[in-house]
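Residue numbers (my numbering), protein chains in the order written: chain A, 206 to 585; chain B, 206 to 585; chain C, 71 to 360; chain D, 71 to 360.
Accompanying notes for the structure given below.
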Amino acid sequence: MKIHEYQAKEILSRYEIPVTKEVLCYSVAEVQTAAGELGFPVVVKAQVLTGGRGKAGGVKLVRNADEATAAAEKILGMDIKGYTVEKVLVAQGVSFVSEIYAGITIDRNTKSAVFMVSLEGGVEIEEVAKDNPDAILKFTVDPDLGMAPFFARKIAFALFNDLKLVNQASDLFRKLYKVFIDTDASLVEINPLVVTSDGNLLALDGKMTFDDNALFRQPAILALNEPSEDEIKEIDAKEKGLTYIRLDGSIGCMVNGAGLAMATMDMIKLYGGEPANFLDIGGSSNPQKVIDAMNLILSDNGVKVVMINIFGGITRCDDVAKGLIAALEQIKIKIPIVIRLSGTNSKEGLEILRKANLPTVETMSEAAQKAISLSEDFLR
Amino acid sequence: MKIHEYQAKEILSRYEIPVTKEVLCYSVAEVQTAAGELGFPVVVKAQVLTGGRGKAGGVKLVRNADEATAAAEKILGMDIKGYTVEKVLVAQGVSFVSEIYAGITIDRNTKSAVFMVSLEGGVEIEEVAKDNPDAILKFTVDPDLGMAPFFARKIAFALFNDLKLVNQASDLFRKLYKVFIDTDASLVEINPLVVTSDGNLLALDGKMTFDDNALFRQPAILALNEPSEDEIKEIDAKEKGLTYIRLDGSIGCMVNGAGLAMATMDMIKLYGGEPANFLDIGGSSNPQKVIDAMNLILSDNGVKVVMINIFGGITRCDDVAKGLIAALEQIKIKIPIVIRLSGTNSKEGLEILRKANLPTVETMSEAAQKAISLSEDFLR
Amino acid sequence: MSILVNKNTRLLVQGITGRDGSFHTQKMIDYGTKVVGGISPGKKGQSVSGVPVFNTVADAVKETGANTSIIFVPAAYAADAILEASEAGIELVIAISEGVPTLDMVRVSPYITKRGTKLIGANCPGLISPDEAMVGILPGSIFKKGNIGLMSRSGTLTYEMVYQLTSNGLGQSTCVGIGGDPVAGLYFQELLQMFEDDPETEAIVLLGEIGGDAEERAAQYIIDHIKKPVVSFIAGQTAPAGKRMGHAGAIISSGTGTAAEKIAAFENAGVQVARQPSDIPELIKKLLKM
Amino acid sequence: MSILVNKNTRLLVQGITGRDGSFHTQKMIDYGTKVVGGISPGKKGQSVSGVPVFNTVADAVKETGANTSIIFVPAAYAADAILEASEAGIELVIAISEGVPTLDMVRVSPYITKRGTKLIGANCPGLISPDEAMVGILPGSIFKKGNIGLMSRSGTLTYEMVYQLTSNGLGQSTCVGIGGDPVAGLYFQELLQMFEDDPETEAIVLLGEIGGDAEERAAQYIIDHIKKPVVSFIAGQTAPAGKRMGHAGAIISSGTGTAAEKIAAFENAGVQVARQPSDIPELIKKLLKM
């Protein structure tokens with residue numbers, strides 16, 4: 206789960222991490238007032254749940270009321286990667302001497318949190334990682350020890366020589382780790398963390414994402430959630446036991462299991478088609494799940510054909526076939542369907558489908574090829 | 206550092222551990238009011254910083270106002286092992302079906318906290334440990350894991366079969382461990398922890414002692430300290446760099462180092478004498494320390510002779526000798542002194558003392574024997 | 071032989087009285103797995119499919135001599151269940167539970183390492199040594215005893231693959247689903263080494279997936295340590311990037327994570343990568359000169 | 071030979087710029103100990119008695135190849151300093167600091183165990199291998215190279231004992247003060263084994279103290295593992311009971327802790343216990359048939 210910059214900084218400042226003075230605004234008038242109160246220069250920053258807002262023109266430094274108005278008018282309502290900007294953060298302009306990157310995430314290989322810092326903060330950290338990987342220092346945090354004082358100091362000394370800054374930084378790093386652990390974050394990032402002209406650390410930006418699996422025990426974080434339209438769809442799907450991610454192709458997919466679903470999409474692509482979605486219906490032969498899944502697929506107008514790929518494991522193929530028939534009887538869809546059914550009792554299952562006049566194939570590649578050809582027929 | 210039962214229970218209840226309803230009282234009148242409000246029966250319990258108050262008659266169950274008055278009059282002002290009872294706890298009488306012991310302390314060998322429970326609560330646990338050690342179950346707590354839910358449940362299942370009690374107990378045990386860790390305790394104990402007649406857990410008594418070394422970071426705990434007269438003396442001594450424990454003999458001891466101080470006392474005992482104190486003056490030849498130490502020894506009227514036993518290590522014996530002379534010149538004591546000085550530059554040191562007419566010996570056993578004979582002369 | 075589970079496996083089921091726990095207990099017993107006990111706090115004395123239920127893993131181990139445990143408890147309690155098994159001396163834990171918080175697994179990891187407990191999962195389908203023991207939610211009937219070792223990050227894709235192996239006469243020594251969570255128990259490296267050391271296994275199938283760099287690490291491990299033939303398939307070549315990996319995830323596995331990179335890493339390690347799952351049996355037969 | 075420290079010891083001093091740290095750095099250098107670096111955050115580039123100062127232990131290890139560290143930082147920071155040394159790869163840490171909170175040591179213990187770091191102390195005088203290295207606050211001049219291994223829970227009593235050994239012509243291989251804190255690093259057992267394995271050590275002196283059951287455990291260990299002669303003295307036979315041991319402390323070491331019990335345990339293990347420290351040299355001479 207993602208949250209906005211302003212929300213991340215509210216959390217950071219609750220842990221006494223110094224952040225810029227700032228005001229969240231929903232209108233041009235609010236921006237004007239806020240800028241006046243904070244005193245120029247201020248920075249007007251689009252609050253959207255996607256990256257790259259800087260490149261998209263969603264961040265403006267303004268030096269007077271006219272510039273503030275112009276920036277607010279331009280940014281509010283702007284579209285950034287499909288997200289409409291509905292609010293902006295007006296933050297006090299800060300004069301600084303250097304920009305640091307500081308972030309924590311989980312490293313699969315060490316099975317631990319990893320603390321990353323770089324003296325090349327301020328730019329997209331992925332670019333630093335690509336162009337100059339040595340400029341990012343990584344410190345694996347022992348889960349039993351946490352961010353021990355010596356460890357935070359060691360990281361701080363990797364950035365600074367001045368003891369005052371080292372002490373500020375190690376204190377801040379310990380707090381940042383506490384934020385990470387307390388909130389079940391999957392990422393916390395301050396970029397840039399600046400050294401101000403008067404020699405203090407200040408977080409100019411903040412970014413946090415959270416472990417969806419842990420939201421059940423993080424009600425305060427969950428309350429911050431502002432899902433996009435697509436995400437609402439995904440969440441609805443999840444509540445029905447389905448994992449759904451929308452894509453841009455024409456072949457709707459219904460598969461049991463995430464790996465098989467991905468492999469199905471790959472197969473479609475391999476034969477020149479384009480999947481319209483990732484959809485994992487999980488186990489069980491419950492007809493309602495198939496109905497829900499089908500409705501989800503059909504809610505996407507780009508879908509021209511539906512390819513159902515089920516591997517019968519614990520749930521036997523004959524049961525799956527019966528479930529499919531029950532479901533399809535209820536929805537009467539108008540576009541073609543290709544069903545591939547394999548695994549335990551597949552013969553019996555295919556026989557049931559054939560009797561119900563549902564088109565079946567035996568292998569994934571056959572299914573993919575047939576779906577593609579049907580989608581092309583449709584387009585013709 | 207020790208605290209009273211009522212203070213321990215206040216801490217426990219801050220952690221949502223259920224304790225008896227109770228009122229702290231300083232007078233008979235307060236006891237009468239409290240008992241009336243709580244409703245009979247109530248228990249009147251002496252609040253003193255020592256054990257064995259039950260055997261001393263400091264705990265009374267009372268069933269009506271007259272009994273309450275009588276108990277309050279008897280217990281308030283009572284002397285228990287040298288402590289005067291200045292306050293009593295009036296606690297609601299509780300009807301219960303069983304008494305549990307639950308306690309946490311540090312085990313030197315596993316270098317971990319150990320959680321102890323017993324179904325034979327309610328009596329002095331040392332007696333259970335002596336008579337029926339198997340009745341005390343010990344669970345070593347992994348410091349990295351803490352009191353994990355499964356672990357607390359495992360302990361609870363060792364006591365109860367009923368899932369409701371198991372869940373209450375494991376929840377309580379987790380809280381108790383949190384109290385232990387959060388307060389830098391060296392012991393937390395609930396004895397008895399009862400199962401009430403309506404099937405709930407309730408702490409009837411609570412006991413906590415704290416790690417003196419950690420008090421610097423436990424201001425809230427330190428604020429509860431009520432040192433006895435002897436302890437105030439010990440604390441004053443500590444502030445002057447001295448470790449002092451009063452005993453009952455006639456030979457005052459001044460030694461550098463705890464082990465040597467104990468060995469010195471042993472030696473006195475070995476030759477039939479009685480040490481008046483344990484006194485470790487630590488390192489350094491600073492005359493002020495010797496002056497402070499001597500004043501401390503002389504504040505005990507039972508002291509008939511002073512035995513000084515110094516081993517010169519890093520601090521050379523000649524420096525120690527000069528320090529001793531400077532100190533003794535300032536205090537002019539009237540009882541005899543025996544000085545034993547050994548170690549680095551001992552010859553030079555002894556020579557300096559001899560010139561100053563201070564009686565010296567070369568070995569500990571000589572010193573002890575001489576001190577004993579001088580103390581006997583004195584008595585004669 | 072086989073790896074991790076076999077006829078000597080004495081299995082406990084944690085969460086045996088739950089819907090999934092009881093259902094799969096029966097399935098595992100049907101397959102022939104020695105299920106010796108189940109755990110469900112407060113239900114001591116009951117039984118599920120004839121298996122005795124205990125209050126704690128420690129009690130169950132003491133009574134049954136169990137050495138392996140499978141976990142079906144809800145995600146919020148899964149980490150605690152793993153710790154309990156490890157503390158009770160269980161050697162191998164298979165965590166089926168889906169949706170375990172990542173930081174719970176971060177906390178579990180050093181503890182089980184210290185105690186020498188091996189973990190598969192969480193969020194995995196379990197594992198099977200055909201005709202020996204099935205410990206998981208795998209459809210036992212599609213497996214066949216043989217000489218192919220299989221490891222996979224995904225469930226149904228594994229079944230798909232096994233179905234094709236079995237259909238082509240290629241039996242399996244052991245098939246392991248390692249699960250797809252960010253922080254999991256055994257990774258490819260450890261399993262590769264076990265298969266390398268298992269005399270019964272003649273070839274290894276590794277089913278990878280986009281995200282992370284488990285496959286790249288496996289490729290390097292193969293170069294350094296593995297002599298047996300390995301073939302692979304990587305799922306998710308067309309999956310939308312960035313949907314599962316966060317900002318910093320991308321930094322950590324800097325330059326890794328895409329299917330193309332994983333395929334390149336394997337090819338560099340001499341591992342043949344199939345274009346589609348159905349190509350795998352053919353590749354193996356060629357490598358084993360069958 | 072000797073145990074733990076010798077001419078190959080490359081020592082760091084944590085807290086080198088403090089009053090105690092700088093004073094004892096000079097003393098250790100005077101004795102001939104190879105002090106290769108000191109740590110004092112923010113004072114990188116300075117030097118103390120000619121020893122370069124670093125900001126972190128990791129930096130110091132990297133620059134100097136240090137393998138041992140001695141800690142003089144205030145008690146509140148001592149645990150963190152031990153962890154820092156361990157994390158930086160230091161093999162042996164000697165913590166002099168007095169007054170370290172017990173729970174800090176409880177937290178330190180599993181970490182250093184995991185990393186294979188040995189710890190002496192806290193609240194200890196350190197150790198010395200005469201003519202090789204002195205790492206601590208011991209008065210070097212009273213020691214003499216020889217064949218007696220000595221371990222003790224107390225400082226000045228050790229000096230007293232060593233003075234008598236040396237005066238009687240009995241030199242020492244290594245003398246270790248293990249410190250008197252409830253939770254400490256190496257205990258008697260570990261040191262007994264090291265002395266047993268050290269070809270230079272011919273007899274062992276163990277100076278015990280009332281409280282806890284370290285001596286009882288040592289006695290059992292001697293029965294099980296130690297062939298070299300051991301003699302002992304127990305301090306505190308007349309110390310007031312209950313002054314240092316809490317309620318539950320007494321439960322833990324149930325039936326142990328008093329001098330009489332410790333003496334009985336040693337005698338049962340064939341260890342001669344001296345009535346007074348000055349009897350020890352004579353006992354040793356008899357045992358070694360000198």
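Every residue gets a Cβ at the ideal spot worked out from N, C-alpha and C, and that includes glycine.
As the structure is a computational prediction, the values presented were derived from the model and not from experiment.
Ranking C:Gln346, C:Ala203 and C:Thr236 by CA distance to the CA of methionine 98 of chain C puts C:Ala203 first. Taking a cut-off of 8 Å on C-beta distances, the stretch 411 to 420 of chain B does not touch the stretch 459 to 478 of chain B, as fewer than three cross pairs fall below it.
If you draw a 10 Å sphere on the C-beta of serine 199 of chain C, you find 16 or more other C-beta atoms in it, and that means buried.
For valine 460 of chain A, the three-state secondary structure derived from DSSP is strand. In the structure shown, the three-state DSSP call for serine 237 of chain D is helix. Neighbours of leucine 153 of chain C across chain B, judged by C-beta separation under 7 Å: Leu350, Ala353 and Phe355.
Burial check for proline 348 of chain A: the Cβ neighbour count within 10 Å reaches 16 or more, so the residue is buried. Interface residue (Cβ-Cβ distance to chain B less than 8 Å): aspartate 283 of chain C is not classified as such. Each of B:Ile208, B:Ala234, B:Ile216 and B:Ile540 was checked against the Cα of alanine 270 of chain B, and the nearest Cα belongs to B:Ala234. For the stretch 365 to 379 of chain B, residues whose beta-carbon sits nearer than 7 Å to a beta-carbon of chain C comprise Leu368 and Val371. The beta-carbon distance between threonine 138 of chain D and isoleucine 160 of chain D, rounded to whole angstroms, is 7 Å. This is short enough to meet the 8 Å contact definition. In the DSSP annotation of this structure, the continuous segment of the alpha helix (DSSP H) that includes phenylalanine 385 of chain B starts and ends at 368 to 387.
Spanning the alpha carbons of methionine 352 of chain B and alanine 408 of chain A requires a straight line of approximately 36 Å. Under the criterion of beta carbons closer than 8 Å, valine 118 of chain D and threonine 95 of chain D qualify as touching, at roughly 6 Å. Among the residues facing chain D, asparagine 269 of chain B is not included, as its CB has no counterpart in that chain under 8 Å away.
For valine 131 of chain D, the three-state secondary structure derived from DSSP is helix.
When the alpha-carbon of valine 543 of chain B is set against those of B:Ile515, B:Glu534 and B:Ala277, the nearest one is in B:Ile515. DSSP, read as helix, strand or coil, puts valine 400 of chain B in strand. Distance from valine 143 of chain D to alanine 136 of chain D at the Cβ level is roughly 16 Å; contact not present, criterion being Cβ atoms closer than 8 Å. Leaving aside the five residues that flank phenylalanine 344 of chain B on each side, the residues in its chain whose CB is nearer than 6 Å to its CB run, in chain order, Phe320 and Ile360. The residue among B:Ala425, B:Glu221, B:Asp505 and B:Ala239 with its C-alpha nearest the C-alpha of glutamate 227 of chain B is B:Ala239. The three-state reading of DSSP puts alanine 261 of chain A in coil, since its state is none of H, G, I, E or B. Under the 10 Å beta carbon count, methionine 221 of chain D is surrounded by 16 or more other beta carbons and is classified as buried.
Here proline 338 of chain B carries a helix assignment [DSSP, helix/strand/coil].
CA-CA distance, isoleucine 437 of chain A to isoleucine 109 of chain C, rounds to 38 Å.
What serine 570 of chain B touches in chain D, judged by beta-carbon distance under 8 Å, is Gln346 and Ser348, going in chain order. Here histidine 209 of chain A is buried: its Cβ has 16 or more other Cβ atoms, across all protein chains shown, within 10 Å. Close CB contacts of valine 341 of chain C within its chain, under the 8 Å cut and outside five residues either way in sequence, are with Leu276, Ala289, Ile292, Val300, Val301 and Ser302 (chain order).
The shortest CA-to-CA distance from asparagine 125 of chain C to any of C:Phe213, C:Ala146 and C:Gly85 is the one to C:Gly85. According to the DSSP assignment, glutamine 237 of chain B belongs to the alpha helix (DSSP H) that extends over 233 to 243. Straight across, the Cα-Cα distance linking phenylalanine 245 of chain A with leucine 281 of chain A is about 20 Å.
For aspartate 485 of chain A, DSSP records a beta bridge to A:Thr448 and A:Val460. When Cβ pairs closer than 8 Å are counted between the two stretches, the stretch 282 to 296 of chain A is seen not to touch the stretch 307 to 315 of chain A, the count staying below three. In the DSSP annotation of this structure, the continuous segment of the beta strand (DSSP E) that includes tyrosine 306 of chain B starts and ends at 301 to 312. For proline 195 of chain D, the closest of D:Gly249, D:Lys188 and D:Ala158 by C-alpha to C-alpha distance is D:Gly249. Within chain A, Gly518, Gly548 and Thr549 have C-beta atoms less than 8 Å from the C-beta of isoleucine 212 of chain C, given in sequence order.
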